[in-house]
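In what follows, a single structure is set out as C-alpha cells and then discussed.
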Amino acid sequence: MRVTRGKSNARRFGALAAVALAAAWFGAPAGAAELSSQVSYLYSSVSIFPPSAKGMTVCYGFVCRRRYELAFSAGDRAALSRIMASGKASAAAERAAVQKAVVWLDRRLGPVLGTDKRIARADFRYFDDKHNFDCWDTTRNTTSLLLVMQEWGLFKYHSVGDPKYRGNVLVLQTPHNTAVLTERAAGTQWVVDMWTRAYAQTPEVMPVDQWVKLD
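According to mature numbering (1 follows the signal peptide of the UniProt record, and there is no 0), the sequence shown holds residues -32 to -1, 1 to 183 in order.
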C-alpha cells in the first residue's frame, strides 16, 4: 500500500507540474474563473487551452484539426482597442465594432494560415479543409477573440455568452453553432457568426431567437 501511494503522489505531482508549466507558458486563461461549462467545453473537447490576454489557439481545417498559436502583439492590441473604441456610444454601436474586430481577425490570420481563400459555409464536402473553417472552428475562434477583448476591458455593453446550436433534421435545417454576446442591460443574446460569410466579410450579428430559425 505504501508503494502505491508513492506512485500516486508522483503522478499527482507530475500532473501539477505540467499544469504549472502550461500556465507559465500560455498565461492565465482569459476570464478563467468565469468560463461556463459550455464555453470550457469548446476548448477541452479538442484538447486546447482557453485564450489568455496574451494569445489564443486558432482552429482551422475543420474541428480544429489544424492549429496556430496567435500571440497578440502590442500593435494587435492597439488595433483592436481602436476598433472597439468606435463602439462606445451604444450597445448597437458596440456590436458593429465587434463585427469589425472579427473581420480584423480574419484578415490578420488569412495570409498566415491560407484562410484568405476560405468560402462561406465551408464543410467537409468542399474537400479543402486546409484553407477553411467549419462552424466549430469559427465558434471557437470568435469566442476566443471575444474573451480576449473582454479580458482587455474593451466591452462596455456586452459580455461573452455561451455558444448556441441550431439544427433540425426533420425540417432539413443544417446543424450549426455560433459564438454569442449577451447584452448586459437587456439580457438579449446576440450571435456573432462568421461561418456564413466568406473571407473578410462582415459576420452576421442578430438575436439568437432569430438565428435559430434560419438555415
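We put the beta carbon where it would ideally sit given N, CA and C, even for glycine. In this text the structure is predicted, and so the values were computed from the model without any measurement.
Task: Spatially closest choice to glutamate 151 from Cys27, Cys32, Lys22, Val66, by CA coordinates - done: Taking the sequence shown and counting its residues from 1, one reaches residue 151 at position 183. Checked all of Cys27, Cys32, Lys22, Val66; the closest Cα to glutamate 151 is Val66.
Task: Local Cβ density within 10 Å of aspartate 183, reported as buried at 16 or more and exposed below that - done: As a position in the sequence shown, residue 183 is number 215, starting the count at 1. Exposed, since its Cβ has fewer than 16 Cβ neighbours within 10 Å.
TODO: To the nearest angstrom, report how far apart threonine 156 and methionine 174 are at their CA atoms.
DONE: To locate residue 156, count along the sequence shown from 1; it is residue 188. To locate residue 174, count along the sequence shown from 1; it is residue 206. In a straight line, the C-alpha of threonine 156 is about 10 Å away from that of methionine 174.
TODO: Return the chain-ordered list of same chain residues with a C-beta closer than 6 Å to the C-beta of arginine 75, the five sequence neighbours on each side being excluded.
DONE: As a working mapping, residue 75 is identified with position 107 in the sequence shown. Excluding sequence neighbours, arginine 75 sits near Ala168.
- [ ] Using the DSSP secondary-structure output, state which residues sit across from proline 175 in a beta bridge.
- [x] For this step, residue 175 is matched to residue 207 along the sequence shown. DSSP output for proline 175 lists Trp158 as bridge partner(s).
- [ ] Could you check what DSSP says for valine 116 in three-state terms: helix, strand or coil?
- [x] As a working mapping, residue 116 is identified with position 148 in the sequence shown. Helix at valine 116.
Open item on the list: Can you confirm whether the region 31 to 39 touches the region 121 to 130 when touching is taken to mean that 3 or more C-beta pairs between the two stretches lie within less than 8 Å?
Closed with: no
Open item on the list: Does tyrosine 9 come out as helix, strand or coil in the three-state DSSP assignment?
Closed with: As a first step, residue 9 must be located in the sequence shown, where it is residue number 41. DSSP places tyrosine 9 in helix when its eight states are reduced to three.
Task: Three-state secondary structure assigned by DSSP to methionine 27 - done: Looking up residue 27 in the sequence shown gives position 59. Checking the displayed sequence, the identity of residue 27 turns out to be cysteine instead of methionine. DSSP places cysteine 27 in strand when its eight states are reduced to three.
Open item on the list: Let me confirm a value: phenylalanine 92 is counted as buried when at least 16 other C-beta atoms fall within 10 Å, else exposed. Which label applies?
Closed with: As a working mapping, residue 92 is identified with position 124 in the sequence shown. The residue is exposed, with fewer than 16 neighbouring Cβ atoms inside 10 Å.
TODO: Grab the span of the alpha helix (DSSP H) containing valine 180 for me, first residue to last.
DONE: Locating residue 180 in the sequence shown gives position 212, where the first residue counts as 1. Premise fails: valine 180 is in no alpha helix (DSSP H) and is neither H nor E.
TODO: Buried or exposed for phenylalanine 123, please, with buried defined as at least 16 other CB atoms from any protein chain shown within 10 angstroms of its CB.
DONE: Here residue 123 refers to the residue found at position 155 when the sequence shown is read from its first residue. Under this definition phenylalanine 123 is a buried residue.
Open item on the list: Alpha carbons only, please: which of Val159, Asp105, Lys98 is nearest the one belonging to methionine 24?
Closed with: Along the sequence shown, one-based indexing puts residue 24 at 56. When each option's Cα is compared against that of methionine 24, the closest is Asp105.
Open item on the list: Along the chain, where does the beta strand (DSSP E) containing serine 54 start, and where does it finish?
Closed with: In the sequence shown, residue 54 corresponds to position 86, counting from 1. Where serine 54 is concerned, there is no enclosing beta strand (DSSP E), given that its DSSP letter is neither H nor E.
TODO: Could you give the DSSP three-state label for serine 49: helix, strand or coil?
DONE: Counting from 1 along the sequence shown, the entry for residue 49 is found at position 81. It is helical.
Task: Cβ-Cβ distance between valine 26 and asparagine 100 below 8 Å - done: By one-based count along the sequence shown, residue 26 stands at place 58. By one-based count along the sequence shown, residue 100 stands at place 132. No. Outside cutoff.
Open item on the list: tyrosine 11 and arginine 81 - do their beta-carbons sit closer together than 8 Å?
Closed with: Counting from one through the sequence shown, the residue named residue 81 turns up at place 113. Counting from one through the sequence shown, the residue named residue 11 turns up at place 43. The question names arginine, but residue 81 in the sequence shown is leucine. The answer is no: Cβ separation not under 8 Å.
Open item on the list: Here's the rule: buried if 16 or more other CB atoms are within 10 angstroms of the residue's CB, otherwise exposed. What is glycine 55?
Closed with: As a position in the sequence shown, residue 55 is number 87, starting the count at 1. Glycine 55 comes out buried.
Open item on the list: Ignoring anything shorter than 3 residues, give me the beta strand (DSSP E) runs that lie fully in the region 65 to 97, in order along the chain.
Closed with: none
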